[in-house]
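Participant:
In the working numbering, the protein residues as written are 4 to 241.
1. Could you tell me the distance, in whole angstroms, from the CA atom of residue 192 to the CA atom of residue 232?
2. Between residue 134 and residue 141, what straight-line distance do the alpha-carbon atoms span, to the nearest angstrom?
3. Quick one: residues in its chain with C-beta nearer than 6 Å to the C-beta of residue 153, no 5 flanking neighbours on either side, listed in chain order?
4. Going by the CB atoms, is the gap between residue 235 and residue 190 shorter than 7 Å?
5. Could you have a look at residue 150 and say whether DSSP puts it in helix, strand or coil?
6. Which class does residue 37 belong to by DSSP, given the choice of helix, strand or coil?
7. Within a Cβ cutoff of 6 Å, which residues of the same chain sit near residue 110, ignoring the five residues on either side of it in sequence?
8. Please report the residue range of the alpha helix (DSSP H) in which residue 124 lies.
9. Any chance the CB of residue 222 is under 6 Å from a heavy atom of the ligand COA?
10. Measure the C-alpha to C-alpha separation of residue 137 and residue 29 and round it to an integer number of angstroms.
11. Comparing C-alpha positions only, which one of 61, 75, 213, 19 sits nearest to residue 33?
12. I need the DSSP call for residue 46, collapsed to helix, strand or coil.
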C-alpha cells in the first residue's frame, strides 16, 4: 500500500495547531490528520516564521523545515502539498488587512506556482482565492499540469451530510424547491462552507444567478475591495 509524502506550507492553525483549541473532533489540522493516517507521512514543513518552524519540529518530530516553499518542493519532492497559509486580503476570521492597499492572495499564488512546479497533488485551505480571476488561474494551472486538486470545503466528505444528500438524490424528500441555511457567518470563513454544502446536497445544479448583501447594508465598497471578511447573506438561483 503506497504511502504519500506530504509537505505543509503554513505551520500555524490549520497546518499544525488547531487541535489545541479543543472544540473540534480530532484529528483536525493537516499535520494531525497525516499522523493519524497509515497512508500519509509528513515529509516537510514550510513557514516564513522561524518560531513556527521550531514549534512544528518539536510537535511533530519533523526536521525537514524550510522558509522557501520552492526549496521544500525541490529538495523533498512531496507527493502532496497542503497550502495552509493565511488565505488572502480578506483575512479570516474577520481580521482587518494590514493596510488599505493590501491585496495578498497567497492560496491562489501558491497553488499556481506549485502546479507549475509539477507537484502531483494539491490540497488548498479555504478560501482558495479572493477573486474569480485568481480562482480561474488555479483552474487553468491544475488542468494544464495534470495536478490532482482539492480545497477545504470538506463537508462533502462528512458522513452526516452524505446521509442527507443520499436521501435527496433518492427522492425521499421530493423535488427540492429551495434550500435554506440559517446561520450568521462571515463570507470567506463560514459561508464558503454553506454555499458549497447547499449546492452539493441537492446534486450540484448549475447556479444561474446570485444575489447577496453584506452587513452593514450601507457599507461603501471602495475600489472593488473589502479589507475584512464581511458578515453576509446570499441567495442562489439554480
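C-beta atoms are modelled at their ideal positions from N, C-alpha and C, and glycine is treated no differently.
Facilitator: The relevant details are as follows:
1. 7 Å
2. 11 Å
3. 126
4. yes
5. coil
6. helix
7. Once the five neighbours on either side are set aside, the close Cβ partners of residue 110 are 86, 90, 127, 131.
8. Note, residue 124: premise wrong, no alpha helix (DSSP H); beta strand (DSSP E) at 124–127.
9. This structure lacks the ligand COA; in fact it carries no ligand of any kind.
10. 32 Å
11. 19
12. It is a strand residue.
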